[in-house]
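Have a look at the structure below, then the notes.
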Amino acid sequence: MRLALAGVSHHRAPLELRERVAVDLETAGGLARELAAAAGPAHEAVVLSTCNRTELYLAGEDGGLAEHADRALFSLAGSGAEALAPAAYRLADESAALHLFRVAAGLDSMVPGEGEILGQVRDAFEAGSPGPLLGRTFRMALRAGRRARVETAIGESPSSVPAAAAALSEQVFEGLAGRSVVLVGAGRTSELTARNLRSRGARIAVVANRTLERAEQLAASFGARAITIDELAGALGEADVVVSSTSAPGIVLTPEALSPALRARRGRPVLIVDLAVPRDVDPALASIDGCFVYDVDALEGVVAATLEGRRSEAVQAERIVNEEAERFRAWRASLAVVPAIASLRAKAEEIRSAELARMENRLPEAERDVVDTVTAQIVNKLLHLPTVRMKEAAVTADGLLYADVVRHLFGLGEEEEA
Amino acid sequence: MAELLVWPTVIAYGEAALVYAGELRGHARYGRLGIWGVRVGWLAQTGLLTAQALSAEGFPWGTWAGALNLLSWLVVSGYLVWGCRPRYRLVGLVLMPLAAGLVVLAWAGGGTALDANGDGVALATHAGLMLAGLASFTLAAAVAALYVFEERRLKRRDTRVLRLRLPSLEALDRLAARAVLAGLVLLSAGIVVGLVWLHVNGLDAAMTVAVLIWALYALALVVRWEAGVRGRRFARLLLAGLVLVVAVLPLTHFAA
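Chains as they are written, first to last, in numbering that gives the first Met the number 0: chain A, 0 to 417; chain B, 0 to 255.
Right under this line is the structure:
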């Protein structure tokens, strides 16, 4: 059994090319089943398609498997598929597995360690048509991905400004569940940050905007209260986090406006995220006790530092992926001696059964079971060590030699040849 | 022989302190080595204290040096409750050098020796409770120090604030308050035991200071609840409180 991979990814294919071969999960599952069921070299197939890559993993007989994977990928692009050729890559066996392990660990992603890819690999695996080889390969890839995230900090840090704002909120507050967020400005940036905060349990309480209509639209999507900017001062008292992103030319939040709200909070902190350029928040607010102000520059600095951290964690994650790839290689190599082991055990069982049958009439009924059990145990104990040693040798260059020696010593397969 | 356990204790606590200092400088991967240093040191010190308890007639930590030995063990025990969580590990950056220093001081003053004789059960209970209370205040101060550090990073908008993840400010603030509350309960019990069982006549300097310390920390909690003195101000109050305790308590209790 061989493994073949054909695919395109963000490394060499621009978005225009990637979108031509991108498919949703249902289509990917259908395509995988179709590829595995059709006559041809492929017996197993999984199609992984995300916004950054489309990859076809096939397992089957050696004859033309790679070309088959290629053809399947190009057929996805339809007419003009030749444009795909320079961007497409093909990998086989251990290289294909290593690539999948890196993908699952987030090491091949645009942002190293991004969180979604592991789930996407799992979904593709579950929707596809894997057999013994692809099944094992994907399970090991998922394990590599999980280990990379658990044993390193590659996925811990935020990779965007809205995510950084949400993560900073969690440095101030003990969890965001039930925390009140006030949005000042109803633009796209505010919305993205609010969604990020809400995904961590925060409650979007108020949306304040210059025009009430736009505030109401956004507030409706969060179940929040809409107000105009003029009413903002009254709403700030309930805010744990304030996200400001208006297009106002001057300062919107001043120390004077916020002071009564801060007094009402009786020492509880407040985080103010200023995403506007020019800034909405007076920098003097940062000097007030319990008031933390982050503007776009500060947030981008945090993101840059965390991405740098991800890259250093990626070195650790690569080590984990290589360990898993080594385990995969050992497993694949052990498959080479499996037929010899199976033949040896079958031969031993055949001899044991024949001898038992010969003795059947000479043994009392009560003793037959005992003899059957004892002889089975003897055979198992005798064959245990050779089996283990052959599997150990399989991962070295001597693996096939051992298998041949066993075949020769025990005359395995000679009856069939005769 | 058991006295030799002092050195593994000091070395392990010192190792933990160094590793934590490294973690602060961005080598987060070694943080686990730090917590193992604490565990090993704590086990060694527990062995030492057990040997002292078995060999002594009565309470072996009645002297200033013995008290420091027991206090450092109580502080590290309290730290181990939270310190095993990665985000709280750095509380040890304050505590482990302190613990190592206390053990060395205790050794220098003969507080780690075997066969030390002491008084009876009443004094043991009184001193044990008082020391446990002081250990709680020390823990509270260490947590407060971490609060001040984290608050400063957030205020300064340190770009590494999410790379070296510490507990949230709110969590640190609450933990410090809980440690103070626990310390107050223990200290109250220690004072009551001292008054009832030790048949103290009159208010001497040691008792006055103990009551003042109790009042100081009780006041810190009252202003926290009633006047909203939280966060940085509360943390600074706890740090100042510990400095005061460290400066005054030895003079009144062990000067003689």
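For each residue, glycine too, the CB sits at the ideal point set by N, CA and C. Here the structure is a predicted model, which is why all the values come from computation and not from measurement.
Quick one: list the residues of chain A neighbouring residue i, beta-carbon separation under 7 Å, in chain order.
i, result
"B:Ser167", "Glu169, Gln170, Val171, Phe172, Glu173"
"B:Gly227", "Arg265, Gly266"
Kindly say whether residue i, judged by its beta-carbon, lies nearer than 8 Å to any beta-carbon of chain B.
i, result
"A:Tyr293", "yes"
"A:Ala163", "yes"
"A:Pro111", "no"
"A:Glu416", "Interpretation of A:Glu416 is limited by its pLDDT of 48, a score under 50 that renders its predicted location unreliable; no figure is taken from the coordinates."
"A:Ser243", "no"
"A:Ser158", "no"
"A:Ala166", "yes"
"A:Ala176", "no"
"A:Gly154", "no"
"A:Gly398", "no"
"A:Asp273", "no"
"A:Ala316", "no"
"A:Ala420", "No answer is possible for residue 420 of chain A: the residues shown for chain A start at 0 and end at 417."
"A:Gly308", "yes"
"A:Ala297", "yes"
"A:Ile203", "no"
Within the 8 Å Cβ cut-off, does residue i reach chain A?
i, result
"B:Arg235", "no"
"B:Val160", "yes"
"B:Gly30", "no"
"B:Leu153", "yes"
"B:Ala255", "Reliability fails at B:Ala255, whose pLDDT of 49 lies under 50, so the model's placement of it is uncertain and the value that follows must be treated cautiously. No, B:Ala255 does not count as interfacial toward chain A."
"B:Ala107", "no"
"B:Val230", "Looking at the sequence provided, one finds Gly at residue 230 of chain B rather than Val. So, interface residue."
"B:Ala170", "yes"
"B:Tyr19", "no"
"B:Gly240", "no"
"B:Ala15", "no"
From the DSSP output, read off the bridge partner residues of residue i.
i, result
"A:Ile271", "A:Val241, A:Val292"
"A:Thr372", "Looking at the DSSP assignment, A:Thr372 forms no beta bridge with any residue, so it has no partner."
"A:Thr227", "A:Asn208"
"A:Tyr56", "A:Leu4, A:Val45"
"A:Ala488", "The first residue shown for chain A is 0 and the last is 417, placing residue 488 of chain A beyond what the model contains."
"A:Val418", "Outside the shown range of chain A, which is 0 to 417, sits residue 418 of chain A, and nothing can be said about it."
"A:Val419", "What is shown of chain A runs 0 to 417, which leaves residue 419 of chain A out entirely."
"A:Ser128", "A:Ala44"
Could you work out which residues of chain A lie near residue i, taking near to mean beta carbons separated by less than 8 Å?
i, result
"B:Leu180", "Near B:Leu180 there are no residues of chain A at all, since even the closest Cβ is about 17 Å away, more than 8 Å."
"B:Arg173", "Glu173"
I want to verify the contact list: residues of chain B whose CB lies under 7 Å from the CB of residue i, in sequence order.
i, result
"A:Val301", "Thr158, Val160, Leu161"
"A:Asp279", "Within 7 Å Cβ-Cβ: nothing; A:Asp279 doesn't reach chain B, min ~17 Å."
Starting from residue i, find everything on chain D with Cβ-Cβ shorter than 8 Å and list it in chain order.
i, result
"A:Thr305", "No chain D is present in this structure, whose protein chains are A and B."
Determine whether the beta carbon atoms of residue i and residue j lie at a separation below 8 Å.
i, j, result
"A:Ala324", "A:Leu167", "no"
"A:Arg197", "A:Phe172", "no"
"A:Ser8", "A:Arg70", "no"
"A:Val272", "A:Leu284", "no"
"B:Leu128", "B:Ala50", "no"
"A:Leu55", "A:Gln119", "no"
"A:Ala316", "A:Ala140", "no"
"A:Ala201", "A:Leu298", "no"
"A:Pro40", "A:Glu60", "yes"
"A:Arg429", "B:Gly227", "For chain A, the structure presents residues 0 to 417; residue 429 of chain A sits outside this window and is missing."
"A:Leu4", "A:Leu117", "no"
"A:Thr192", "A:Val110", "no"
In chain B, which residues lie less than 8 Å from residue i when you measure between Cβ atoms?
i, result
"A:Gly114", "Per Cβ cutoff of 8 Å: no residues; A:Gly114 is ~15 Å from chain B at best."
"A:Gly236", "None at all; the shortest Cβ gap to chain B is about 14 Å."
Cβ closer than 9 Å: which chain B residues qualify as neighbours of residue i?
i, result
"A:Asp288", "Gly230, Arg231, Arg232"
Counting only runs that start and end within the region 133–213 of chain B, where is the alpha helix (DSSP H) found for 4 or more residues in a row?
-> The region 133–213 of chain B contains these whole alpha helix (DSSP H) runs: 168–196.
Whole alpha helix (DSSP H) elements within the region 14–83 of chain B, 4-residue minimum = You should have 30–54, 63–82.
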